[in-house]
Amino acid sequence: MNYLFGITIAGVLSGLLAGLVGGGAEIIIVPLLTLFGIFGSLRHRIGTTLFMLLPPIGLFAAIRYYQKGFVDLKASLYMGFLFTVFASLSSKYSSEMDIVKLKKIFGVFTILAGFYIYNSKEKY
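Numbering-wise, numbering that gives the first Met the number 0 puts 121 at position 122 of the sequence shown, and it's gapless, one number per residue.
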């Protein structure tokens, strides 16, 4: 697949899906880059995705959800702080981890997350 076309489609689809279902890099962007054959290694796909997320990518989508009353601001800020701390710690580990182990962890997490979301009962 053409590089520019692949990253364009990944950017468009991940933006649409993130706004629609609130998915993050691990669920949407990295699998799309893998599907389209963009970047040769899983680490490269993860690193590029994390760098892409540095600016306020979801700002406008988050504002819409906030305006509709679907955001717990305190929980969001608290989780954001914890996310920042632990993403920093885990990125050091995963960037040095055996690639086979990293692929297995990533694959199992993605499958379990999808299975849970598919089978969960919506409360409201």
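No residue lacks a Cβ here, since even glycine has one placed at the ideal position from N, Cα and C.
- prompt: Around the C-beta of R44, are 16 or more other C-beta atoms found within 10 angstroms, so that it is buried, or is it exposed?
  reply: Here residue 44 is taken as the residue at index 45 of the sequence shown, counted from 1. The residue in question, R44, is buried, as its Cβ has 16 or more Cβ neighbours within 10 Å.
- prompt: Per DSSP, what kind of secondary structure is M96 in: helix, strand or coil?
  reply: What you label residue 96 is simply residue 97 of the sequence shown in a count that begins at 1. Reduced to three states, the DSSP call for M96 is coil.
- request: Identify whether N1 lies in helix, strand or coil by the three-state DSSP scheme.
  value: Counting from one through the sequence shown, the residue named residue 1 turns up at place 2. Correct three-state label for N1: coil.
message: I'd like to know if the stretch 68-84 and the stretch 110-118 are in contact, where contact means that at least 3 CB-CB pairs between them fall below 8 Å.
response: no
task: Evaluate the contact criterion for the stretch 35-50 versus the stretch 4-19: three or more CB pairs, one atom per stretch, below 8 Å.
output: yes
message: Quick check: the Cα distance between L101 and K91, rounded to an integer number of angstroms?
response: As a working mapping, residue 101 is identified with position 102 in the sequence shown. As a working mapping, residue 91 is identified with position 92 in the sequence shown. Cα to Cα, L101 sits roughly 13 Å from K91.
- prompt: Along the chain, where does the alpha helix (DSSP H) that runs through L31 open and close?
  reply: Residue mapping note: residue 31 aligns to position 32 of the sequence shown, counting from 1. From DSSP, the alpha helix (DSSP H) with L31 extends over V29 to L34.
task: State the Cα-Cα distance for the pair Q66 and G57, rounded to the nearest angstrom.
output: For this step, residue 66 is matched to residue 67 along the sequence shown. For this step, residue 57 is matched to residue 58 along the sequence shown. Approximately 14 Å between the Cα atoms of the pair.
message: By the three-class DSSP mapping on this structure, what secondary structure does F105 have?
response: In the sequence shown, counting from the first residue as 1, residue 105 sits at position 106. Three-state DSSP puts F105 in a helix.
field: Residue interval of the alpha helix (DSSP H) (run including I45)
entry: Start at 1 with the first residue of the sequence shown, and residue 45 comes out as number 46. Element bounds for I45: L41 to M51.
task: Please report how far the alpha carbon of G36 lies from the alpha carbon of I27, in whole angstroms.
output: Your numbering for residue 36 matches position 37 in the sequence shown. Your numbering for residue 27 matches position 28 in the sequence shown. Straight-line Cα distance between these residues: approximately 14 Å.
message: Tell me the DSSP secondary structure of I37 in three-state form.
response: Your numbering for residue 37 matches position 38 in the sequence shown. If DSSP states are grouped into helix, strand and coil, I37 belongs with coil.
- request: Determine the direct distance from the alpha carbon of F69 to that of V107, and round the result to whole angstroms.
  value: Position 108 of the sequence shown, counting from 1, holds the residue named residue 107. Position 70 of the sequence shown, counting from 1, holds the residue named residue 69. Going from the Cα of V107 to the Cα of F69 covers about 29 Å.
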